Amino acid sequence: MPKLRDGVIQRGGSWSYVIRVPDPATGVSKPRWVGGFATEEDAKAARDEARVRARRGEYVNRSTSTVAAYLAECVEAHASTVKPKTLAGYRHDIDHYIVPRIGRMRLQALRPAVISKLYRDLAEHGGQDGQPLAATTVSHIHRTLRKALADAVQVEQILAINPAARSKRPRGHAAEPSQVWSAEQLDAFLTAARSHRLYAFYRLAAYTGARRGELLYLRWHAVDIDAAEITFGGSTAVVRGQRVEGTTKGGRSRTVSIDSETVAILREHRRQQAEERLAAGSAWNDSGGLVFTSRWGEPLYPDTVTSLMIKLISAHNRSVTPRAAPLPHARLHDLRHLHATTLLLAGVPVHVVAARLGHADPAVTLRVYSHVLREHAAGVGDIFAQAVKASVSKSASQTGKDDQQRPPATGRAFGKSRDGALPRR
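In short: position in the sequence shown from 1, add 678, done, that's the working numbering.
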């Protein structure tokens, strides 16, 4: 009969080890058996590692759970704690990219090298028809997996470390948001959109930098016409074909100021909406005071305003003369970038722009719009040199004036008489 030697024993064709692990609740140590090792050396190596973890209080029990099974449980556990759109993003990453590739693996067999290879494969041919997957998508998949495995370490305690935290992602170059339109082109677009009933939507998008979902969530009670302020306190998205509402991306509300012309446009939009409500009569759908609705008061879907912008640009380009330059294609989100870059180039402090955009940390604004700040800082060296030169010139000029105003020195000033002789004592 096989004998247990220093915590290692052979059972049939495989080797096992046993260690004693203190129970966190009672402090009483209990034996923990782990088997399935091909050689005695493998069992001893695993035993030694388990002993170290047990002394550190990091020991985890052996689990046969697969990556797919664990992630399915993890998603369900977070279903009531995250936004619907965020949950849909988790499920998409897991179902389309993670489970098909490493779902059958045992969770505790995951290593940083395995996850690094997953990211490389996705970056090279993880997209549609085997095309490369965008670096931003790979980064999103990494965040999903890292968060799920962090719970496996800290909450479920079935992993000792988070292998995703130690994995390596392929290097990607983050695309810097470009200013597609100039101020003149923005004015041309808004002029073309002025006759449309949703003109105020695009005016607010450009003049507040608000996100699409925030504007579609906006209620009239959050619009202070007299104070010329708007409070963005929520957002709208589409999840599995359904329009859903939730908090803003940062989870907090923010109040931004608007100019007098935008105030006038909002007044006109509210008057127009009141006329539409009277015309609709009993067919009007009370949507809780939404600022932007259909002609019958129904909430708008995000894709509605996105596709409408494309139509307005195309209509404008068809109406311009052959000599006039057409408007280049721009996304609705580009109006937010245009708002931010215009403010930064005008010298508005970064923390002020960050608060206006709803960035929780100005570091986000610095990272996203670093190219704009570099452009703005291009002549700072000359500005500093000119400031120093001006200061030196001013100081020298002042010194010259003081010399002219000071009376000429005399012998008495140095303790001498008028004829140069020392005074008698």
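C-beta: ideal position from N, C-alpha, C; glycine also. Predicted model only: the values in this text are computed from it and were never measured.
TODO: For Trp693, name the three-state secondary structure that DSSP assigns.
DONE: strand
Task: Spatial distance of Ala1002 from Leu1016 (CA atoms) - done: 22 angstroms
Task: Residues near Pro1006 in its chain [Cβ-Cβ closer than 8 angstroms; skip 5 each side] - done: Cβ neighbours of Pro1006 within its own chain (closer than 8 angstroms, five residues either side excluded): Val858, Trp859, Gln863.
- [ ] Compare the beta carbon distance of Arg824 and Ala843 with 7 angstroms and say whether it is the shorter of the two.
- [x] yes
Open item on the list: What would DSSP say about Val916, mapped onto helix, strand or coil?
Closed with: strand
Open item on the list: Counting C-beta neighbours from all protein chains within 10 Å, is the total for Asp937 16 or more, i.e. buried, or is it exposed?
Closed with: exposed
Task: Beta-bridge partners of Ser935, as assigned by DSSP - done: Glu907
Task: the region 820–835 contacting the region 745–753, beta-carbon criterion three pairs below 8 angstroms - done: yes
- [ ] Tell me whether Asp771 is buried or exposed, calling it buried when 16 or more other Cβ atoms sit within 10 Å of its Cβ.
- [x] buried
- [ ] Using beta-carbon positions only, say whether Val1031 and Leu1021 come within less than 7 angstroms of one another.
- [x] For Val1031 and Leu1021, yes; Cβs fall inside 7 angstroms.
Open item on the list: Is the separation between the beta-carbon of Arg932 and that of Gly1036 shorter than 7 angstroms?
Closed with: Yes, Cβ-Cβ distance for Arg932 and Gly1036 is below 7 angstroms.
Task: The alpha helix (DSSP H) enclosing Val1042, as first and last residue numbers - done: 1040–1046
Open item on the list: By the three-class DSSP mapping on this structure, what secondary structure does Ile687 have?
Closed with: strand
Open item on the list: Restricting to Cα atoms, I'd like to know which of His756, Ala958, Pro778, Phe910 is closest to Asp799.
Closed with: Pro778
Open item on the list: Below 8 angstroms on the Cβ atoms is my contact criterion, and I expect Ser707 with Pro700 to pass it. Report the Cβ-Cβ distance as a whole number of Å.
Closed with: Their Cβ separation, rounded to whole angstroms, is 5 angstroms, which keeps Ser707 and Pro700 in contact under 8 angstroms.
Open item on the list: Between the alpha carbons of Asp773 and Ala791, how many angstroms are there, rounded?
Closed with: 21 angstroms
Open item on the list: By the three-class DSSP mapping on this structure, what secondary structure does Val777 have?
Closed with: helix
Open item on the list: Alpha carbons only, please: which of Pro810, Ile839, Thr909, Thr764 is nearest the one belonging to Arg731?
Closed with: Ile839
TODO: Check whether the Cβ of Ala728 sits closer than 6 angstroms to any heavy atom of the ligand GTP, and report yes or no.
DONE: Although the ligand GTP was asked about, the structure shown includes no ligands whatsoever.
Task: Strand pairing of Leu1023, partner residues [DSSP] - done: Looking at the DSSP assignment, Leu1023 forms no beta bridge with any residue, so it has no partner.
- [ ] Pick helix, strand or coil for Leu823, following the three-state DSSP scheme.
- [x] helix
Open item on the list: Residues in the same chain with beta-carbon distance under 7 angstroms from Gly975, minus the five sequence neighbours each way, listed in chain order, please.
Closed with: Arg955, Ala958, Trp962, Asn963, Asp964, Ser965
- [ ] Compute the Euclidean distance between the alpha carbons of Phe867 and Ser992, then round it to the nearest angstrom.
- [x] Cα-Cα distance, rounded: 10 angstroms.
- [ ] Report the three-state DSSP secondary structure of Phe715 (helix, strand or coil).
- [x] The answer is strand: DSSP assigns Phe715 an E or B state.
TODO: Using the DSSP secondary-structure output, state which residues sit across from Thr971 in a beta bridge.
DONE: Pro977
Open item on the list: Along the chain, where does the alpha helix (DSSP H) containing Ile793 start, and where does it finish?
Closed with: Here the alpha helix (DSSP H) through Ile793 covers 790–803.
- [ ] Answer yes or no: do Arg725 and Gly685 have a C-beta to C-beta separation smaller than 7 angstroms?
- [x] yes
Open item on the list: Check whether chain D comes within 7 angstroms of Val941, counting only Cβ atoms and requiring the distance to be less than that.
Closed with: In summary, chain D is missing from the structure at hand, where a single protein chain is found.
Open item on the list: I'd like to check one pair, Arg875 with Thr940: are the Cβ atoms closer than 7 angstroms?
Closed with: no
Open item on the list: Looking at Phe879: is its Cβ nearer than 7 angstroms to the Cβ of Phe970?
Closed with: yes
Open item on the list: Only counting the same chain, and skipping five residues up and downstream in sequence, which positions put a Cβ closer than 7 angstroms to that of Pro810?
Closed with: Ala801, Glu802, His803
- [ ] For Leu682, collect the residues of the same chain with a Cβ closer than 8 angstroms to its Cβ; drop the 5 residues on either side in sequence, then sort them by chain order.
- [x] The residues are Val696.
Open item on the list: Please classify Pro709 as buried or exposed, where buried requires at least 16 neighbouring CB atoms within 10 angstroms.
Closed with: exposed
Task: CA-to-CA distance, Ala1065 to Ser794, given in whole angstroms - done: In this model, Ser794 and Ala1065 are separated by some 51 angstroms (Cα to Cα).
Open item on the list: Please classify Gly887 as buried or exposed, where buried requires at least 16 neighbouring CB atoms within 10 angstroms.
Closed with: buried
TODO: For Gln786, I'd like the list of residues in its chain whose CB is within less than 6 angstroms of its CB, leaving aside the five on either flank, ordered along the chain.
DONE: Ser741
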